[in-house]
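Written below as structure tokens is the structure these notes are about.
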Amino acid sequence: MSRETYQVPTGTQNNFDTQGGGFGNAMAIDSPSVTYLCGECSARVPLKRGDQIRCKDCGHRVLYKERTKRMVQFQAR
Numbered sequence: 098m099s100r101e102t103y104q105v106p107t108g109t110q111n112n113f114d115t116q117g118g119g120f121g122n123a124m125a126i127d128s129p130s131v132t133y134l135c136g137e138c139s140a141r142v143p144l145k146r147g148d149q150i151r152c153k154d155c156g157h158r159v160l161y162k163e164r165t166k167r168m169v170q171f172q173a174r
């Protein structure tokens with residue numbers, strides 16, 4: 098039985114590329130926004146990846162994720 102040693106990846110692209118030409122930058126621009134609820138004024142706040150976690154109306158920094166609209170069903174055993 099032959100064991101292979103770990104090889105360090107040699108690719109130049111990574112998910113944290115800040116130069117504008119990498120995969121990580123395109124994902125931050127094209128990522129969908131998720132709607133959160135402000136803990137202070139109950140406003141709906143759409144946030145994308147990398148946005149500041151802050152209410153656009155009152156500036157409060159506690160945001161709650163909305164519940165899902167789809168039906169969730171668990172099977173008891």
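Position in the sequence shown (from 1) plus 97 gives the number in our numbering. Ideal Cβ placement from N, Cα and C applies to all residues, glycine included.
Inter-residue spacing [alpha-carbon to alpha-carbon] between residue 134 and residue 161: 5 Å
**Asked** Which value, in whole angstroms, describes the spacing of the CA atoms of residue 165 and residue 107?
**Response** Cα-Cα distance, rounded: 40 Å.
If you scan the stretch 143-172 from start to end, which runs of the beta strand (DSSP E) of 3 or more residues do you find wholly inside it? 160-162
>> Quick check: what's the CA-CA separation for residue 150 versus residue 158?
In response: The straight-line gap from Cα to Cα measures roughly 6 Å.
Requested in this report: Can you grab the Cα-Cα spacing for the pair residue 104 / residue 170, in whole Å?
Outcome: 43 Å
Report task. Return the residue from the list 102, 146, 141 that minimises the CA-CA distance to residue 175. Result -> With the chain running from 98 to 174 in the structure shown, residue 175 is simply not present.
Cα-Cα, which of 129, 138, 102 is closest to residue 147?
-> Comparing Cα-Cα distances from residue 147 to each of 129, 138, 102, the minimum goes to 129.
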